[in-house]
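In this note's numbering, the protein residues as written are 4 to 863.
Here is the structure:
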């Protein structure tokens with residue numbers, strides 16, 4: 004049905020109308036603290052001199068003590084220091100002129116740095132010049148404070164490790180994940196040469212060639228530093244007898260998934276004594292955290308069928324999309340699955356069981372259920388035949404207890420899986436695996452960053468589960484029963500910090516899926532915690548890291564049922580469970596309704612992605628992600644007067660996606676999409692125009708039109724940054740034209756206001772967007788559409804408030820990559836829907852686009 008409708012009312016192409024760039028950046032306004040320091044050079048300079056003198060003296064004492072205690076030599080004899088700088092005017096990457104290497108950029112202007120010069124000579128010279136009021140020394144005013152790096156281990160340790168730091172025992176072995184910065188002093192590319200007035204082509208081209216040579220040398224130096232720091236870490240850990248436990252090294256090198264442009268990550272086992280030395284003194288380390296534990300699936304005593312279905316699944320087309328299921332294995336000969344299994348590419352990564360790809364998890368398996376939900380997202384047919392929409396590939400990583408073995412470091416694992424399956428043409432990866440504790444909000448985790456890096460390098464879509472509230476993990480994660488016992492009402496408790504999405508659901512470039520309830524169950528004394536289409540009692544919520552909207556979408560993963568005891572007992576009878584394919588390797592039926600979890604909501608979104616890949620095989624995964632989010636809507640309860648819609652965003656994101664809206668349209672709805680690869684550089688804007696017909700804009704019509712816009716893009720990550728803008732190489736946002744604003748005027752305004760575009764929305768705008776560009780501009784406060792790499796907003800407007808020249812601008816902004824030639828890909832989707840279902844707008848808008856193109860061709 005959805006496929007036939009999509010062919011009858013297909014998406015149409017959104018055409019680029021204008022493009023332009025910004026010539027130069029404006030000058031940021033410095034902080035008042037910096038201005039005060041500039042006005043008191045003697046006072047501020049003497050203060051910094053005292054901080055430097057004290058730190059240098061302590062470093063000398065540490066050197067002597069290390070020799071006495073026979074501790075390993077520190078790399079390059081370097082030391083760590085912490086600076087607080089003016090984040091508005093001081094570029095951390097340019098601290099190399101002070102003899103300081105940038106290790107990590109933190110919040111509130113704090114940075115972690117390292118220096119091989121134990122006298123900090125360059126820094127002291129700068130301070131002296133500042134005191135003497137010499138030219139080009141004013142930058143010192145923006146250095147607010149200098150601290151010995153050994154004094155703040157909490158900036159490096161995860162909250163859980165920091166809470167237990169005093170209890171670390173010298174002789175106990177600890178397993179931790181560490182992040183090592185490895186850019187060196189050349190943390191940024193050289194500035195791109197700007198052409199001078201009256202400069203000849205020959206002279207400018209020579210300067211440009213010099214820049215290209217320097218850029219290439221910078222890239223080579225980064226590779227050299229990475230290799231050197233890997234060796235230094237191995238030596239350091241080996242001293243404490245941990246050399247055999249560095250799990251990211253294969254044949255002496257870090258594998259790709261754990262390697263980013265600015266850092267590498269690895270898992271080590273080391274004594275407590277060695278761990279303390281590493282955290283306090285290894286100069287290039289910026290993150291130390293405990294390995295994730297993994298979430299159990301929620302299994303109760305539900306009811307299952309006993310009769311085997313007579314339904315026959317037929318193999319998909321040979322060129323059908325492939326979906327890789329990263330899970331506990333699959334019962335590949337299952338009658339409801341076997342025709343769709345790509346068995347020649349089945350693999351296992353479970354230690355000691357690399358030749359065993361079946362689903363050995365007790366009581367019906369886990370990966371088998373996930374695979375089944377990709378093929379049968381709603382109900383499983385009992386008779387007849389049906390052709391599978393996609394091929395299912397089996398990547399077994401979870402053991403028989405449904406846990407990821409600690410010897411499998413997730414970044415390595417995902418890198419290997421993507422490398423192997425991408426070569427077979429696979430672009431969709433279902434990742435129904437998550438940790439048991441809330442994701443951290445400081446650094447992007449190695450696991451999540453690996454997803455972002457792999458997505459950047461490959462045209463893939465990783466669909467991940469938000470995580471479950473399944474058991475108590477200290478104070479970090481409370482179970483559903485804990486919340487009910489404490490009399491926290493549903494769904495309010497889902498907004499608690501302990502209910503935040505689990506690692507790696509915070510990944511910027513993954514599509515994260517939460518769970519909602521399919522139905523309300525009421526059989527006194529038992530009743531569902533949730534109601535139909537409301538967030539499941541166990542589903543983890545957002546916001547994600549750096550206030551991104553997570554989960555983006557939700558699907559039906561079931562619910563829990565409570566009784567009236569105190570505290571209540573929890574079960575999940577058949578009525579509240581999704582219908583799933585069940586592994587029969589341990590006996591039992593082929594179909595069951597006895598488990599719930601976000602694990603089973605996730606593959607239902609993978610099904611939509613597979614359908615999109617089948618219908619739009621030559622389009623990018625960025626477009627698939629955009630269309631899934633564009634198709635999502637809030638259910639009816641979210642619009643009640645007593646509902647805080649900021650809470651709705653945190654609990655269910657953009658809502659429930661729908662296959663028919665993702666694939667096609669209807670007489671009263673039209674969707675326009677960018678096709679092929681669209682790329683944009685920082686400081687550039689692309690303007691798209693949708694020509695709206697006069698009859699739609701007529702004052703007399705007063706039609707209500709739902710306008711939806713979704714931007715989906717990807718960029719290269721840097722894990723040493725604790726800021727969404729600096730984490731990405733280039734970041735994008737979008738803006739809509741004002742009333743009566745033609746494309747040329749709109750582009751001119753966007754470029755003129757470029758440097759202020761994140762902080763202001765100027766001019767009259769008849770649209771009151773649901774979210775807005777900033778978290779205080781839309782109808783929903785404290786949430787911004789621009790935080791992540793998937794950006795959707797929507798509004799219902801009267802048709803006469805639309806304008807004939809309806810334009811949307813995609814704007815590129817500089818992240819960590821200052822190469823002006825660097826670009827990032829994106830997809831843009833725009834929909835118009837008449838609220839009155841009997842108003843046919845599809846054909847008239849299509850005709851308006853055709854007439855516009857004919858007119859443009861004639862004029863050209």
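Ideal Cβ positions, reconstructed from N, Cα and C, are used throughout, including at glycine.
Can you give me the Cβ contacts of residue i inside the same chain, cut-off strictly under 7 angstroms, excluding the 5 residues immediately before and after it?
i	result
residue 236	183
residue 652	552, 783 and 786
residue 540	483, 493, 532, 533, 562 and 563
residue 74	280
residue 286	77, 78, 81, 82, 83 and 117
Identify which residue in the options has its Cα closest to the Cα of residue i.
i	options	result
residue 295	599, 480 and 636	480
residue 524	164, 517 and 537	537
residue 169	527, 488, 275 and 212	275
residue 443	122, 207, 202 and 505	505
residue 686	754, 745 and 626	754
residue 283	115, 706 and 520	115
residue 409	798, 354, 358 and 166	354
residue 757	577, 738, 529 and 775	738
residue 268	433, 40 and 181	181
residue 290	141, 772, 722 and 40	722
residue 38	77, 92, 82 and 446	92
residue 576	624, 565 and 201	565
residue 489	472, 749 and 569	569
residue 638	535, 527 and 665	535
residue 660	644, 554 and 749	554
residue 675	377, 811 and 99	811
residue 720	204, 448, 688 and 40	448
residue 589	364, 98 and 351	364
residue 120	99, 113, 110 and 220	99
residue 770	209, 708 and 683	708
Would you identify the three-state DSSP class for residue i, choosing helix, strand or coil?
i	result
residue 305	Bear in mind that the predicted position of residue 305 carries a pLDDT of just 48, short of 50, making it too unreliable to give a figure here.
residue 177	strand
residue 239	helix
residue 540	coil
residue 731	strand
residue 799	strand
residue 600	coil
residue 168	helix
residue 147	strand
residue 605	helix
residue 212	helix
residue 674	strand
residue 442	coil
residue 153	helix
residue 624	helix
residue 458	helix
residue 689	strand
Beta-carbon within less than 8 angstroms of residue i's beta-carbon, same chain only, minus the 5 sequence neighbours each way: which residues are those?
i	result
residue 807	694, 695, 697 and 700
residue 36	89 and 147
Tell me which same chain residues have a C-beta within less than 6 angstroms of the C-beta of residue i, skipping the five on either side of it?
i	result
residue 385	312 and 314
residue 716	735, 792, 827 and 829
residue 103	116 and 118
residue 434	329, 465 and 467
Under the rule that 16 or more other beta-carbon atoms within 10 Å means buried, what is residue i, buried or exposed?
i	result
residue 12	buried
residue 718	buried
residue 679	exposed
residue 840	exposed
residue 388	exposed
residue 427	exposed
residue 336	exposed
residue 42	exposed
Is there a Cβ from chain C that is less than 8 angstroms from the Cβ of residue i?
i	result
residue 774	In the structure shown, chain C does not exist; there is a single protein chain.
**Message:** Within 8 angstroms, do at least three Cβ pairs link the region 629–649 to the region 395–412?
**Reply:** no
**Asked** Does the region 134–149 come close enough to the region 46–57 that 3 or more CB-CB pairs lie under 8 angstroms?
**Response** The region 46–57 vs the region 134–149: in contact.
**Prompt:** Counting pairs of Cβ atoms below 8 angstroms between the region 363–372 and the region 328–341, do you hit three or more?
**Reply:** yes
**Item:** Given 8 angstroms, three or more beta-carbon pairs between the region 508–521 and the region 661–674
**Value:** no
**Request:** Evaluate contact between the region 52–60 and the region 145–159, counting only Cβ atoms and requiring at least three cross-stretch pairs below 8 angstroms.
**Result:** Contact between the region 52–60 and the region 145–159 is established, with three or more Cβ pairs separated by less than 8 angstroms.
**Message:** Would the region 335–349 count as touching the region 410–421 if we require 3 or more Cβ pairs under 8 angstroms?
**Reply:** no
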